Every structure is written in C-alpha cells, then in structure tokens.
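Okay, so the sequence shown: first residue is 1 according to the working numbering, each after it adds one.
C-beta atoms are modelled at their ideal positions from N, C-alpha and C, and glycine is treated no differently.
Because the structure is a prediction, the values reported are computed rather than measured.
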Amino acid sequence: MAATAPYVVLYVTDAAGKYRGTLWMAGGKAKYYRHLSDWQRASGGAVAEIDGVTGASIGSGKTLKMSFDLADAMIDAGYKLHVDTAVEDGRGQSLRGRPAARRLNLRQACPGQGLCEVLLGLLLNRSESPVMLRRFHSLTGVALALGLAVIALTGAALSVQPALDRLATPAIVRGASVAALAEAVAARHQSIDSIRKRPDGSITVAFADGDIAGVERVDPATGMGLGDYRASEVSRFITNLHRSFLAGDAGRAAAGIGALAMLALTASGMVMLVRRLGGPRALFRPIPGAPAQRWHGALGRLAAAGLLLSSLTGLWMSASTFGFIPESEAAIPDVVASAGPPAPVGTLAALKVADVADLRELTFPAPGDSTDVYRLRSSAGEARIDAATGAAVAFAPATTLDRLQDLVRMLHTGRGAWALGLWLGLSAATVPVFAATGFLSWRRRRAARPRIARNVSARSADTIILVGSEGNSTWGFAATLHAALTAAGHHIHTGDMNDLAPVHASAGRLLILAATCGDGAAPASAKNFLVRLAALNDPVPVALLGFGDRNFGRFCGFADDVSAAIAAKGWPQILPMKRIDRCSAQEFAQWGHGLGAALGHDLALEHVCEPPKTFALELVEREDYGVAVGAPVAILRFRAPGTGANAGRLPSFEPGDLVGVLPPGGPMPRFYSLASAARDGVLEICVRLREGGLCSTFLHALAPGDLIQAFVRENPAFRPNRGSAPLILIGAGAGIGPLAGFVRANQAGRPVHLYWGGRSAASDFLYERELAQHLAEKRLTSLRTAFSRGPDGGAYVQDRIAADAPRLRELIRQGAQILVCGGRDMAQAVTHALDPVVRPLGLDLAILKSSGRYVEDVY
C-alpha cells in the first residue's frame with residue numbers, strides 16, 4: 001500500500017450511486033492520521049492485536065468510536081454508507097492487512113462486526129414517530145391540564161408538611177425502648193388503648209381516664225404529655241383533594257389516571273427535549289424557541305426527576321388502593337396468653353428489645369381479659385406478646401412487599417425525609433407553569449397554521465397535498481392550492497408530510513410542498529417523511545414543489561432529497577420538480593399554471609402572504625460609515641414613538657435577535673440582526689447599502705424622526721452560552737452589529753475576544769469609539785481587526801485567525817464558544833481557517849456545532 005493511501009474511509013452515496021460526501025478518514029497523511037495512531041497506541045504496537053479488516057483492536061479491549069450527524073433524509077431513502085478499510089502500523093507494514101470494503105444500506109441489517117456495528121448502532125438509534133409523540137404530549141397535556149394542576153398544587157402544599165413536622169415534633173432518638181415509653185405513659189393514665197407513631201413522626205397515645213378518653217402527643221424520650229393531638233382540618237382537606245378530588249372512589253380513580261398521565265407527559269416531554277437538543281449529552285444546552293418553549297423545556301429539565309418519582313409512586317399507591325397490588329398480610333397465628341397475672345409493661349422482655357424508632361403501633365390488652373396479648377407492629381414485622389411473661393408468643397416478619405409499600409409511601413409523601421418532600425414539592429409546583437407554557441406553545445402552533453376549509457378525509461380524496469414546513473409559511477401556500485383545487489371540483493385532503501400513510505396511495509395524485517430548514521435539513525413536519533416513503537410500495541403520481549432561499553448553499557436541499565427518493569422508487573411525475581425562492585408568489589402561480597395544464601383545466605394560484613403584525617419605530621440617531629470606499633454602512637438606532645407619558649414601549653429582544661422591516665411597496669420583510677437589547681432603550685441595527693436593495697435603500701434614506709414598520713423575531717440559536725467560558729466573536733462588515741451587542745451586554749466581564757474585518761480603518765471602522773471604551777472597561781478582552789484596503793496590502797479576518805492559531809486553540813481548549821456573523825463567503829473562509837486550529841484538540845467544527853460551541857448568523 002502506498003504511503004499516501006487512506007487506511008480507513010467512510011463515505012456516503014445516494015440512491016443513484018452518486019458520491020455525496022466523506023464522513024471520516026484515517027490515513028498516511030498527518031491530517032488523517034490521528035485516529036489510526038490512537039489505535040496503534042491502544043494495542044502497544046502489537047501487530048497481532050489489530051484487526052486489519054475493521055481497524056479495531058481485538059486484544060487490548062479498546063475500540064475507537066465515531067459518531068456523525070446524518071440528515072434524516074438519508075435514512076431509508078436508498079443511501080448507502082461505504083466503509084473501506086485497511087490498516088498499517090505507521091511504519092509501512094500491513095497489519096493482517098488487505099483493503100476491505102463494505103456497503104451498508106442505512107437502516108438495513110448488516111452482518112459486519114466491530115467498527116460497522118458501532119457505527120450503525122449510533123446511526124440508527126432514531127425513533128420513527130416524533131410527531132405522534134408531540135401530538136400525544138400536547139393533546140394529553142391540554143386535556144388534563146386543570147386536573148394535573150390541582151394534583152400538583154395540592155401535592156406541593158402537602159410537601160411542606162414533613163419539614164414543618166420536623167420543626168414541631170421532638171426527634172426520635174434510636175436506643176429508646178418501647179417498654180420504657182409504655183411504662184412512662186401507663187404511669188400517667190388509668191387505661192391505655194394504644195401507642196402509635198403517626199405519619200408526621202409524632203408519638204400519640206389513646207387513653208381513658210375514667211369517663212374521659214382522648215388522644216395526646218407525647219415526648220418519645222420521656223413519655224411526658226405534649227398536649228392533645230388534633231389533625232389539621234386544612235391538611236385533611238388538601239389531602240382528600242389531592243387523593244380523590246373530594247369525590248370518593250371515583251375521584252381516587254381520576255387521581256390515579258392523573259398520576260399515569262403525569263408519568264407519560266414527563267417521559268414523553270424529556271424524550272422530545274433530548275431529541276430537540278441533539279441527544280442526552282446535549283440536554284443542558286440552551287433551549288431555542290419562543291419564551292414559552294424555553295421556560296417549558298428549562299423547567300422540565302429541573303423537575304423531570306421529581307415528577308417521575310412522584311407519578312410512579314402515586315400510580316403505585318393508587319393501584320394498591322383499588323387492589324391491583326395485593327395487600328401483604330403477615331400470616332400470624334391466633335394465640336392465647338398464659339392467663340397469668342399481667343406484669344408491669346416496663347418489664348416485658350419483648351418490648352425492652354423493641355426500639356421506638358422502629359415502632360408503628362403498640363396495642364394494649366383489653367382491661368380485665370387475661371387471655372389477651374400485646375400487639376406490636378414495627379418495621380421488622382408484627383408480634384404477639386404475653387402480658388404476663390413478656391415473651392413473644394407469635395411473630396410474622398415484614399415481607400418484601402411490606403417494605404416496598406413503606407418505601408413507596410415515604411418516597412411519595414416525604415414523611416420521614418423532609419428534604420425529599422421539599423424537593424418533590426418544588427418539582428410539583430412547576431406543573432401549573434408547564435400547563436400554562438405548554439398551552440401557549442400549543443395555541444401558538446395552532447394559530448400559526450392556516451385553517452384548511454373543506455379538508456376531506458384521505459380515503460375520500462382524489463388528491464393529497466402534503467406539507468413540510470418549519471415556520472408554517474408553506475402552509476399558507478398549501479391553503480391557497482387546496483382552495484383552488486377544491487373550486488375546480490377536486491376532493492382534497494391536506495396534511496403534514498409526516499402523515500404519509502398507505503391510505504394516500506389510493507388517491508389519484510400526490511402533491512408535495514416541501515420547505516427546507518436551514519442549509520438542506522428537513523423541516524419539523526417532514527422529518528419522518530423519507531422513512532415513511534420507503535415503506536410504501538404502491539406508486540402514486542407525484543408533483544413536488546420545493547421552497548427555500550437561494551442564499552443558502554443547498555437551495556431547496558430537502559426537496560432535492562425527496563425528489564431523489566421518489567425517483568429511486570420509480571413513481572411517475574406529474575411535473576418536474578420546481579423550486580421557489582423566498583416564498584415567491586409569482587413562481588408559485590407559474591407552477592400552478594403548469595399543474596393545471598397537467599390536470600386538464602385552468603388553475604390560478606393567487607397567493608397573498610399574510611403580513612406580520614408590526615409596530616412603529618422612530619429613527620433617533622444614525623452613524624454613517626464607508627462612503628469613501630464605496631460601501632456605505634449605517635448604524636441606525638430607533639425607539640418607540642412618543643414622548644413623556646405618551647412614549648411607547650419597545651418589545652422584548654436581545655442582541656442577536658432579528659428585526660423584520662417592511663419597506664414601502666415591498667412584498668416581503670427583510671431581516672437584520674439586532675445590536676442592542678430592549679433594556680438599552682433603543683433598537684439598533686447595522687445596515688449595509690446594497691445595490692438595488694429595496695429595504696437597505698429605504699433605510700439608508702431615513703432621517704431622524706422618520707418612522708418605519710417592523711416586527712421582532714427571536715433568534716435564540718445565536719446567543720452566547722451562559723457561564724464564564726471565553727467567547728470568540730468573529731465578523732465582517734455589518735456583521736459586527738450583534739457582536740457589538742454581546743460585548744455591550746458583558747457586564748460580568750467574562751473573557752471576550754473580537755475578530756472583525758472591514759475595508760478601511762479610516763472610513764468604515766464600525767463601533768470604533770465604543771469598542772475602545774469596552775476594552776478600557778474590561779467588557780472586551782481583546783480586539784483584532786483586519787482591513788482589506790490597509791497600507792500593508794490589506795488583510796482579512798481569516799488571516800488574523802490563522803495568525804492567532806495558538807491563542808485561539810488554548811481558548812477553545814478552555815471551553816470557548818465561537819459566534820460568527822456576516823456574509824456567507826466570509827463565514828466559509830473562517831471555517832477553513834479554524835479547522836486546523838481545532839484539529840490538534842481532537843475536535844472539528846461539526847463537533848463544536850453539535851455542542852453549541854460554534855454558531856453562525858450568516859446571510
């Protein structure tokens with residue numbers, strides 16, 4: 001084998017056999033060599049311990065595991081994973097070696113071993129029904145929200161009681177005997193019925209003194225009375241409300257169903273959160289989405305363990321109440337006492353060895369009945385004790401089920417473990433917040449999706465429209481198409497792409513409207529489409545319409561994946577696939593004319609995008625740069641119109657969020673990254689004038705006092721992670737806007753290093769004075785600039801990154817997060833510059849992205 005030949009190569013081909021990309025490589029060149037040398041060191045260089053086919057060690061008990069992020073679109077869509085392997089020991093000698101090649105259908109069983117098994121196990125650990133899970137979670141939560149809130153709030157109130165009891169009740173010290181306690185109590189009363197340890201930990205005595213009977217609390221150490229025992233009516237009411245909704249057995253059954261629902265909601269919610277954040281290891285990453293979604297997920301992470309424990313134990317107790325879990329009865333025989341004269345209770349041997357800490361209840365013999373016995377229940381079991389001899393004449397030890405019941409009761413109520421009770425109470429107190437935030441999220445999703453009128457069932461339809469959408473804009477186009485086809489006499493069913501099912505094959509045609517999320521990913525409502533498509537065998541005529549943004553490298557990339565999968569199945573096409581750029585109503589209408597011709601009738605698709613709700617902003621200040629170098633950039637600061645008591649209020653936003661601006665006469669808003677937070681009192685953006693740009697031209701023509709219409713869209717994916725780890729901010733041109741906002745917000749003084757590129761230091765050094773002030777105030781740790789028209793021949797921001805490689809590598813080793821904002825060409829150059837920086841750390845940008853340590857806002 002040549003010295004430069006690869007040793008291990010993993011790459012993917014599509015359904016047509018076309019090469020789509022290399023996932024991983026280990027070979028003779030230094031940049032490919034790292035993982036292979038790890039294998040070599042793992043076996044100590046022993047040739048016999050390296051498997052030349054898989055590359056894994058077979059004698060040292062160590063393997064190298066690799067994981068990759070593959071698009072859902074590749075699974076069950078004809079894509080193949082190729083594993084070509086051969087191993088050398090780094091000295092040019094083959095290790096049991098011949099090249100070996102494997103082709104693995106993704107999601108198909110593979111007889112491979114070692115590396116193949118590990119890799120496939122990581123790749124295929126995917127659920128097939130996230131949409132069904134979300135639907136179940138949403139509908140169950142909304143339907144049972146009130147009942148679950150009642151159970152949770154009453155449980156939270158009851159959880160405080162163990163801590164209050166701990167403060168009010170004398171502690172039971174191990175070592176005190178039941179005999180001594182009974183003797184002290186008997187000395188104060190004429191007749192004792194029982195001594196009992198209550199769930200709150202207090203010791204009570206039921207007594208009779210002549211005609212006066214009562215129950216008193218006593219000191220467990222001395223037996224002295226502490227006053228009458230009275231159960232709290234408030235506590236009793238809350239307990240009954242918690243256990244049965246004050247409705248008897250029917251209420252107890254409802255509470256049991258509530259415990260089951262809470263268990264299902266907590267488990268399904270955590271599964272969805274883990275999937276959304278990228279796996280268990282990413283569970284504590286920042287949660288993207290609207291405020292309600294973030295609160296819902298963040299509280300879920302904190303409360304999940306407590307809610308799972310409460311719901312599991314509550315379900316057990318409910319099942320026990322209705323006899324689904326048998327009561328364990330100690331098989332203790334009936335006995336008769338020796339009938340001798342009763343001895344003083346303090347002298348009874350069986351009671352002397354019984355500890356008050358283990359006591360459940362001690363029942364005294366009936367007065368005047370010499371054949372009756374003491375009945376002692378303790379954590380060890382149940383005993384019968386002769387009143388005359390003090391011997392235990394019968395004993396039934398506690399069963400495993402008895403101990404389990406006690407454990408479940410303690411874990412659910414916190415009785416005997418007050419700290420646990422408070423933790424469970426705090427977890428339960430989050431449930432009403434879950435109900436509110438969950439309802440808001442559910443309502444927001446429903447409100448965002450257009451109502452489809454006359455949406456017939458799939459079985460009755462002659463045409464099926466399936467929609468893949470992330471932000472629901474594609475649903476607006478689907479509603480227009482649905483209405484036009486219905487008006488033309490067709491029977492239409494419209495649903496999510498994830499809903500694809502065999503019943504759809506009975507329709508005459510399938511129309512697919514597939515949006516692309518980001519740079520080629522499947523949108524939320526289509527993540528399972530390709531899996532479901534692979535399972536269908538009956539061909540259906542298809543027309544595919546892709547929605548995307550040409551600014552992304554893989555324009556309509558997901559629609560391309562769908563098209564390839566449909567072509568691989570050989571299904572007939574009604575029309576060639578068409579791509580629509582940025583929700584163009586004109587392109588949609590053109591596609592409609594072609595579809596109508598294929599169907600044999602006119603089809604006019606006149607789609608009007610629903611405008612977003614906007615608010616007015618008044619320009620109060622502007623700073624202009626870059627005119628001298630032919631690249632005008634303006635920093636614009638807006639506030640809500642009005643003065644004094646009539647001044648308006650800005651909505652909530654943070655640096656890195658987006659503001660959508662509607663220019664006069666413009667059909668679509670343009671988005672700009674925010675350089676300020678609402679607490680700064682202004683909404684600040686950095687705008688470069690683009691030739692022919694409708695919105696940038698409009699904004700650059702504004703004068704102080706002019707008004708614009710705008711709306712804010714959250715962008716939580718582009719924000720610094722919480723904590724004190726260093727930040728590396730990289731941008732160029734107007735991309736400095738949100739980066740400057742991050743620096744301005746750095747009041748805690750965490751290490752922040754800014755790399756920024758412009759054209760000329762004399763003309764377009766944006767935020768120059770402010771950045772100098774931040775350096776002096778330690779909000780900014782270091783600033784490295786690059787100007788392409790500098791006196792030294794010019795430089796770019798990627799040049800500064802390459803020059804600072806050792807320092808950046810150390811910052812990344814310390815856990816630094818990298819945030820990049822600017823044009824796509826700049827971002828691509830930055831990735832090329834950073835790759836050799838992180839490689840020596842055993843990292844790459846894909847790993848950093850998956851962990852939230854490399855984020856981009858690229859346009």
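Residue i - DSSP class collapsed to helix/strand/coil
| i | result |
| --- | --- |
| L702 | coil |
| L771 | helix |
| I877 | Any answer about residue 877 is impossible in this case: the structure gives the chain only from 1 up to 859. |
| Q586 | helix |
| A514 | strand |
| R853 | coil |
| S378 | strand |
| A149 | helix |
| V336 | coil |
| E470 | coil |
| Q814 | coil |
| V629 | helix |
| S506 | helix |
| L605 | coil |
| T643 | coil |
| H296 | helix |
| S457 | coil |
| V353 | coil |
| A304 | helix |
Selection from the options that minimises the alpha carbon distance to residue i
| i | options | result |
| --- | --- | --- |
| D799 | Y767, S763 and G757 | G757 |
| N455 | D496, R403 and G214 | D496 |
| K849 | I812, N528, L689 and P840 | I812 |
| R443 | A292, A383, F638 and L481 | A292 |
| L605 | H593, D386, A186 and L599 | H593 |
| D334 | S378, A396 and I287 | A396 |
| T474 | A567, A568, G570 and F588 | F588 |
| T204 | I195, I212 and G210 | I195 |
| V433 | D560, L302 and P344 | L302 |
| R637 | V627, R622, A647 and G648 | R622 |
| A461 | L511, D764, L440 and L841 | L511 |
| P836 | R807, D200, V858 and V627 | R807 |
| A350 | L834, A182, D706 and A522 | A182 |
| S506 | H493, A522, S788 and L404 | H493 |
Delimiting residues of the beta strand (DSSP E) encompassing residue i
| i | result |
| --- | --- |
| E621 | F615 to Y625 |
| K569 | Where K569 is concerned, there is no enclosing beta strand (DSSP E), although the alpha helix (DSSP H) it sits in stretches over G557 to K569. |
| D581 | K578 to D581 |
| D496 | I492 to D496 |
| F322 | It is not in any beta strand (DSSP E) - F322 carries neither H nor E in the DSSP assignment. |
| S782 | S782 to F787 |
Exposure label - residue i; buried when at least 16 CB within 10 Å
| i | result |
| --- | --- |
| G227 | exposed |
| A703 | exposed |
| N537 | exposed |
| A179 | buried |
| T371 | exposed |
| Q161 | buried |
| V353 | exposed |
| L146 | exposed |
| F322 | exposed |
| R550 | exposed |
| T643 | exposed |
| A109 | Confidence at A109 is low in this model, with a pLDDT of 35, below 50, so the placement of that residue should be treated as unreliable; the coordinate-derived value is given next. Answer is exposed; the Cβ neighbour count stays below 16. |
Element boundaries [alpha helix (DSSP H), containing residue i]
| i | result |
| --- | --- |
| D406 | T400 to T413 |
| V752 | No alpha helix (DSSP H) holds V752; the beta strand (DSSP E) holding it covers V752 to G758. |
| A392 | Premise fails: A392 lies in the beta strand (DSSP E), A392 to P397, not in any alpha helix (DSSP H). |
| L766 | From DSSP, L766 is part of no alpha helix (DSSP H); its letter is neither H nor E. |
| I801 | V797 to A803 |
| G665 | Careful: G665 lies outside any alpha helix (DSSP H) and carries neither H nor E. |
| V837 | R824 to V838 |
| L545 | Unbroken run through L545 is the beta strand (DSSP E), V542 to G548; no alpha helix (DSSP H). |
Proximity test, Cβ basis, 8 Å: residue i and chain E
| i | result |
| --- | --- |
| P539 | Absent from the structure is chain E; it holds one protein chain and no more. |
Check: residue i C-beta below 7 Å from any heavy atom of the ligand COA
| i | result |
| --- | --- |
| A598 | The ligand COA is absent from the structure shown, which contains no ligands of any kind. |
> Unbroken alpha helix (DSSP H) runs of length 4 or more, entirely within the segment 153 to 238: which are they?
Replying inline: 161 to 168 and 178 to 186
> Quick one: complete alpha helix (DSSP H) runs, 4+ long, within the segment 676 to 750?
Replying inline: 694 to 700 and 736 to 744
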